[in-house]
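Asker: 243 is the number of the first residue of the sequence shown in our numbering; add one for each residue after it.
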Amino acid sequence: MQKNYIILAHRNPKQLARMIDKLDDGQAYFYIHLDLRVKIDDFQKEINKPNVFFISKREKCFWGDFSIVKATLNLMEAVKNDNRKGFVILMSGQDYPIKNQVEINKFLSVNKDYNFIEIIPIEKKWKKKVVKDKIFHYHILHSSKRSDSNSYAPFFHTNIKQKIRILIHFLKGRLSFKNLKKLFQLPKREPIFLKQYAGSQWWAFNEQTFQKMVFYLRENKENLEDYYKFTSSPDEIFFHSVLMHLQESDVGIKIKPSVTYVNWDRKGCQLPVLFQSTDLQELIQQEEKLFARKFDVEIDSEILDLLDDI
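1. Would you grab the beta carbon distance between I359 and F481 for me? Rounded to a whole angstrom, and I think it's under 8 angstroms.
2. Taking a contact to mean a Cβ-Cβ separation below 8 angstroms, would you say S519 touches I545 in this structure?
3. Here's the rule: buried if 16 or more other CB atoms are within 10 angstroms of the residue's CB, otherwise exposed. What is H399?
4. Ends of the alpha helix (DSSP H) at D263?
5. Can you tell me whether DSSP reads T502 as helix, strand or coil?
6. Tell me, please, whether the region 455 to 472 touches the region 304 to 313 by the rule of three or more beta-carbon pairs shorter than 8 angstroms.
7. Is the separation between the beta-carbon of A259 and that of I282 shorter than 8 angstroms?
8. Answer yes if the region 375 to 395 comes into contact with the region 523 to 539, meaning at least three C-beta pairs across the two stretches below 8 angstroms, and no otherwise.
9. Specify, as a first and last residue, the run of the alpha helix (DSSP H) that L315 falls within.
10. Do S351 and M243 come within 8 angstroms of each other at the CB atom, strictly closer than that value?
11. From F296 to D277, what does the alpha carbon distance come to, in whole angstroms?
12. Sort out for me which residues DSSP pairs F358 with in a bridge.
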């Protein structure tokens with residue numbers, strides 16, 4: 243079963259190399275996007291295989307920003323341009339397989355007609371205010387710091403309360419003059435789709451769906467980017483909404499839940515959970531999952547050893 247792993251990475255070259263070694267069964271290609279702020283040499287020294295490609299079109303990726311979607315689109319284009327066959331699977335550099343190569347191939351072969359992605363209507367994913375921000379307001383980054391952003395209505399298309407909020411943010415120095423000027427100029431934001439969907443960022447598309455996705459994304463590139471570049475955390479909406487739009491006229495697009503396990507529910511810790519050796523049983527009990535995240539060998543490498551021994 244041929245597979246194409248497209249990977250978003252920004253740290254831990256040794257951990258990335260270990261993940262690739264674990265997945266490399268002679269039927270896999272690996273396409274890696276490294277954050278533009280990272281030195282690529284450290285990764286290329288650690289990972290030197292003929293089936294591993296570090297793509298040249300790189301983005302500076304910021305949390306919650308469209309740059310993450312752009313990086314993913316760049317990876318998809320690289321796979322398409324090389325005319326690869328088989329599944330295309332989106333992963334991060336801090337993922338790791340929780341099934342062995344035989345189990346992964348068997349699962350994908352049995353489910354070759356399906357695509358794996360978490361999808362729910364956006365209204366069921368977030369509260370009404372958050373949905374309004376994502377669909378109708380403009381997401382503005384204030385800096386490269388995580389979560390240092392706000393969503394604003396365009397100044398001349400909102401109520402007095404929102405106008406005052408915008409001006410207060412400017413006077414307090416949170417909103418730059420450049421972005422204030424932008425909010426004065428931006429038009430009313432209209433949804434690009436009648437229905438939008440959301441879910442976890444991580445997906446796996448079969449060959450047929452991947453080809454349909456790339457064709458649609460190329461044909462509608464400008465409109466999609468113009469809209470979603472102002473959406474907060476668009477990586478959790480973009481591919482989901484496009485896929486469901488395509489499915490409306492194509493019953494051949496079949497969907498099952500994501501094959502990547504992420505724990506956002508544990509209490510008393512930073513989320514998503516950073517898995518450690520004490521989490522082994524939780525991981526191996528995920529019958530319909532092939533991969534999990536997050537892992538960090540600088541904090542706990544034993545969990546990867548334990549998974550390797552399964």
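Don't be surprised by glycine CBs; every beta carbon is placed ideally from N, CA and C.
Answerer: Let me spell this out:
1. 7 angstroms
2. yes
3. exposed
4. 255 to 265
5. strand
6. yes
7. no
8. no
9. 309 to 323
10. yes
11. 11 angstroms
12. A446, K498
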